[in-house]
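For reference, the structure discussed in these notes is given below.
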Amino acid sequence: MKLQRTIVRNTLARLRRWLAAGNLLLALMLCLAAALSLRNAREGDEDAARLTAENLSTSMSSEVASELRLIDNALATVAERYAKTAREADRPDVLSQMVAEQRVLLKHVSAVRVVDATGDLVSDGVGADGGPTAAIHLGDRSYFERARARDATVVSEPLLSRLTGVWCIVVARRLINADGGFDGVVLTEVSSEHFAEHFAGMALGRSGAMSMRMNDNFLLVARHSASEPRAVKGLGEGTVSAALREHIQRNAAQGWYVTSTALDKVERITAYHRVAGYPFTVLAGLSTDEYLGAWHRQVAEVCVLVALMILLVGVASVLLYRGQKQEHHGRLAADRTAREQALMLENDLVGMVRLKSRVILWDNKALARILGYGPGELRGRSMRDLYLDQATFDHIGRAGYGALRGGQRFRTQVQMRRKDGGVLWIDLSGMLVSEEESLWMLMDIDALKQSEEKAYGMAFRDALTGLPNRRLFEEKLADAQATALRTEAGIAVCYLDLDGFKPVNDRHGHEAGDEVLKTVGARLQQTLRANDIVARLGGDEFAIVLAASGDSGSARTVIHRCLSEIERPIEVAGGHRVTVSASIGIVLARGSCDMAAVMRGADDAMYAAKRAGKGRIQIGSTVSPAAASSVAALSTPPPMAVPRPLLVA
Numbered sequence: 054m055k056l057q058r059t060i061v062r063n064t065l066a067r068l069r070r071w072l073a074a075g076n077l078l079l080a081l082m083l084c085l086a087a088a089l090s091l092r093n094a095r096e097g098d099e100d101a102a103r104l105t106a107e108n109l110s111t112s113m114s115s116e117v118a119s120e121l122r123l124i125d126n127a128l129a130t131v132a133e134r135y136a137k138t139a140r141e142a143d144r145p146d147v148l149s150q151m152v153a154e155q156r157v158l159l160k161h162v163s164a165v166r167v168v169d170a171t172g173d174l175v176s177d178g179v180g181a182d183g184g185p186t187a188a189i190h191l192g193d194r195s196y197f198e199r200a201r202a203r204d205a206t207v208v209s210e211p212l213l214s215r216l217t218g219v220w221c222i223v224v225a226r227r228l229i230n231a232d233g234g235f236d237g238v239v240l241t242e243v244s245s246e247h248f249a250e251h252f253a254g255m256a257l258g259r260s261g262a263m264s265m266r267m268n269d270n271f272l273l274v275a276r277h278s279a280s281e282p283r284a285v286k287g288l289g290e291g292t293v294s295a296a297l298r299e300h301i302q303r304n305a306a307q308g309w310y311v312t313s314t315a316l317d318k319v320e321r322i323t324a325y326h327r328v329a330g331y332p333f334t335v336l337a338g339l340s341t342d343e344y345l346g347a348w349h350r351q352v353a354e355v356c357v358l359v360a361l362m363i364l365l366v367g368v369a370s371v372l373l374y375r376g377q378k379q380e381h382h383g384r385l386a387a388d389r390t391a392r393e394q395a396l397m398l399e400n401d402l403v404g405m406v407r408l409k410s411r412v413i414l415w416d417n418k419a420l421a422r423i424l425g426y427g428p429g430e431l432r433g434r435s436m437r438d439l440y441l442d443q444a445t446f447d448h449i450g451r452a453g454y455g456a457l458r459g460g461q462r463f464r465t466q467v468q469m470r471r472k473d474g475g476v477l478w479i480d481l482s483g484m485l486v487s488e489e490e491s492l493w494m495l496m497d498i499d500a501l502k503q504s505e506e507k508a509y510g511m512a513f514r515d516a517l518t519g520l521p522n523r524r525l526f527e528e529k530l531a532d533a534q535a536t537a538l539r540t541e542a543g544i545a546v547c548y549l550d551l552d553g554f555k556p557v558n559d560r561h562g563h564e565a566g567d568e569v570l571k572t573v574g575a576r577l578q579q580t581l582r583a584n585d586i587v588a589r590l591g592g593d594e595f596a597i598v599l600a601a602s603g604d605s606g607s608a609r610t611v612i613h614r615c616l617s618e619i620e621r622p623i624e625v626a627g628g629h630r631v632t633v634s635a636s637i638g639i640v641l642a643r644g645s646c647d648m649a650a651v652m653r654g655a656d657d658a659m660y661a662a663k664r665a666g667k668g669r670i671q672i673g674s675t676v677s678p679a680a681a682s683s684v685a686a687l688s689t690p691p692p693m694a695v696p697r698p699l700l701v702a
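Mapped onto our numbering, the consecutive letters of the sequence shown carry residue numbers 54 to 702.
So, in structure tokens, the structure goes:
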């Protein structure tokens with residue numbers, strides 16, 4: 054008996070050690086798995102916030118650049134017209150007329166003004182209200198001296214306007230008369246509030262902020278904060294975080310970082326993007342509390358779940374140990390504990406519901422959690438309340454119960470409705486308990502479905518430029534043709550191949566080539582109309598569809614603008630400026646013609662332009678239903694070199 058007691062004590066001691074070690078190992082594994090899962094979830098949320106902030110900053114920097122280019126062109130037009138006015142007596146009238154014309158065109162500026170050679174504001178300068186301006190001296194402004202010294206448009210630092218008393222930036226250009234003498238400066242004021250109003254239209258959330266700063270000294274030009282929408286705090290100051298200075302030193306063109314904003318101490322995920330061609334940088338910041346709020350709740354839920362699982366396993370181990378102490382109940386207690394533990398784990402992971410005549414008799418906590426109901430709220434409800442429509446409910450009734458009664462397994466994926474009205478994807482499977490009752494298991498697969506849909510969407514976009522790829526282009530082309538048929542209009546299909554792209558790759562590297570492709574894609578998008586289509590087919594080939602384009606003249610005009618934009622210099626890494634051109638083929642399509650033939654015709658026209666000397670536009674034969682089979686023939690007019698137009702407003 055003593056020997057038996059010793060054996061039992063030794064056996065129980067070994068069991069205690071094994072249980073303790075097993076519980077510790079399981080706890081470590083659960084904590085490690087939870088930590089890895091939470092880390093991946095946080096990185097995903099941060100990546101989503103970063104991508105959103107980058108898109109906001111990139112979009113706004115493009116918009117700011119477009120407005121400044123419009124002002125630049127307007128001032129250049131005034132200066133050019135003034136320089137061509139030979140008679141001195143005509144110059145004031147010409148200048149007043151040009152200023153008035155450009156003021157009407159520049160809706161987004163506060164004023165268009167003229168400063169004479171001494172720096173005094175000319176009495177006939179036109180202000181925001183259309184009336185004469187006051188006698189004010191502006192010759193001591195730094196932009197005045199910079200404009201006098203160079204034949205180009207200059208942009209000032211943020212400053213308080215001496216006429217309006219509001220913060221603004223000044224865009225100025227010198228006036229040179231026909232004799233070569235300096236006659237003053239023509240300038241515009243763009244208020245900081247104008248930029249802030251643009252920023253306010255972006256989706257920044259409850260605590261987001263967007264601002265624009267000077268590149269060199271970080272002076273604040275404009276800022277909008279969702280929590281302080283009308284604040285002017287910090288305008289004209291260069292107070293920024295150390296993180297921004299560090300990232301600007303590494304990459305001045307664009308980047309992102311996470312830190313507390315110097316002005317309001319709110320931690321944000323901030324992305325910045327330099328305004329192309331101008332000394333400004335746009336910054337978009339999204340509050341980490343907003344983007345990571347769901348993650349913080351997930352941390353709490355996972356910690357509670359892991360603690361409960363560890364507690365459950367610990368309790369099960371204690372029960373197992375006590376069961377072993379009772380020799381006659383040991384095996385039964387161990388089996389019962391294992392079954393109870395398996396049941397608890399299954400109920401935590403998978404929603405379960407028991408039905409009678411498709412009415413809920415019982416459900417577990419996992420199902421209530423998945424569908425957003427409280428304990429017991431689902432019992433007594435018809436399953437019809439969980440389906441989106443009557444047709445889905447009837448289909449599951451016929452197909453599901455028909456398979457189960459036939460002795461087969463039934464499993465499907467279906468959308469169900471949460472208590473709050475939200476829709477989520479459920480993996481549904483069931484089994485018969487009796488003739489009237491059935492047991493169904495429901496698993497939440499909504500995140501997996503959303504991931505699949507996102508991957509499906511990415512398959513239709515070019516990864517480098519963000520433009521539609523060939524597959525999406527063909528679908529959009531078919532839609533454009535259908536629209537043209539309904540409106541009895543024609544469309545123009547254009548193929549574009551870059552000239553001079555390979556030397557850029559060879560000399561400056563593939564990163565420079567990628568930058569050229571992205572810039573060309575962005576310029577084409579900005580130049581074309583909203584209902585036109587532009588896509589990257591691969592390599593340095595692009596395709597364009599001009600909707601409702603009924604004749605070659607209008608198509609040539611639009612493509613001419615596109616070619617001019619492509620040929621503007623492009624700044625690549627290392628401060629180098631490169632230029633490329635393009636050979637473009639155009640085919641007009643009318644009626645219900647073969648789109649494959651139209652695309653071949655545009656491709657042939659493009660190669661004809663390339664053979665004729667590159668940098669040209671070639672119009673191919675118009676394709677109609679009767680001529681769809683012979684579209685490859687080119688039209689009579691020879692390929693023409695694209696002229697370089699004068700810069701006008």
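Virtual Cβ for every residue (Gly too), placed ideally from N, Cα, C.
Cβ neighbours of residue i in the same chain (closer than 8 Å, five flanking residues each side left out)
i: C356; result: A87
i: G475; result: G425
i: F235; result: A170, R201, R227, L228 and I229
i: D473; result: G425
i: A94; result: W348 and Q351
6 Å CB neighbourhood of residue i in its chain, flanking five on each side removed
i: R462; result: none
i: A66; result: none
i: T540; result: none
i: G644; result: S677 and P678
i: L121; result: Y331
i: P622; result: R630 and T632
i: A249; result: A275 and H277
i: T312; result: S294 and A296
i: A337; result: A106, L109, S110, M263 and A324
Presumed contact (8 Å Cβ cut-off) between residue i and residue j, rounded CB distance
i: V243; j: F271; result: Rounded, the Cβ-Cβ distance is 19 Å, inconsistent with contact.
i: W220; j: V165; result: Actually they do not touch by this definition, with Cβ atoms about 19 Å apart.
i: V207; j: R215; result: About 18 Å separates the two Cβ atoms, so there is no contact after all.
i: R576; j: I670; result: In fact, because the Cβ distance is near 16 Å, the residues do not count as touching under 8 Å.
i: V162; j: I124; result: 6 Å
i: T580; j: H326; result: Actually they do not touch by this definition, with Cβ atoms about 20 Å apart.
i: M267; j: L109; result: Between L109 and M267 the Cβ distance is about 20 Å, and since that is not below 8 Å, they are no contact.
i: V168; j: L240; result: 7 Å
Bridge partner(s) assigned by DSSP for residue i
i: A132; result: None, per the DSSP bridge assignment.
i: A661; result: None; A661 has no bridge partner.
i: V208; result: V224
i: S435; result: V412
i: S617; result: BP columns for S617 are empty, so no partner.
i: T675; result: None, per the DSSP bridge assignment.
i: E624; result: R630
Nonlocal neighbours in the same chain, by C-beta distance under 7 Å from residue i, ignoring five residues either side
i: G291; result: N270, F271 and L272
i: A139; result: A231
i: G453; result: F463 and G483
i: G543; result: A537, S602, G603, L641, A642 and R643
i: L408; result: L414, M436, E490, S491 and W493
i: A253; result: H277 and P282
i: N76; result: V366, G367 and S370
i: C84; result: V359
Assigned exposure category for residue i - 16 Cβ within 10 Å defines buried
i: L599; result: buried
i: Q466; result: exposed
i: K378; result: exposed
i: L213; result: exposed
i: D277; result: One point to set straight first is that residue 277 is His, not Asp, in the sequence displayed. Buried, by the Cβ-count rule.
i: M41; result: With the chain represented from 54 up to 702, any question about residue 41 goes unanswered, as that position is not in the structure.
i: M659; result: buried
i: D204; result: exposed
i: V412; result: exposed
i: D447; result: exposed
i: Q503; result: exposed
i: T64; result: exposed
i: M82; result: exposed
Problem set entry | Every unbroken alpha helix (DSSP H) inside the region 525-601 [4 residues or more] | Taking only runs of at least 4 residues, the alpha helix (DSSP H) segments lying wholly in the region 525-601 are 554-561 and 563-580.
For this session: Counting only runs of 3+ residues fully inside the region 460-533, write out the beta strand (DSSP E) ranges in chain order.
Result: Within the region 460-533, the runs of beta strand (DSSP E) at least 3 residues long that lie entirely inside it are, in chain order, 463-470, 476-485 and 490-497.
Exercise. If you scan the region 267-345 from start to end, which runs of the alpha helix (DSSP H) of 4 or more residues do you find wholly inside it?
Worked result: 295-303 and 341-344
Exercise. Which residue spans inside the region 142-178 form an unbroken beta strand (DSSP E) run of at least 3?
Worked result: 164-168
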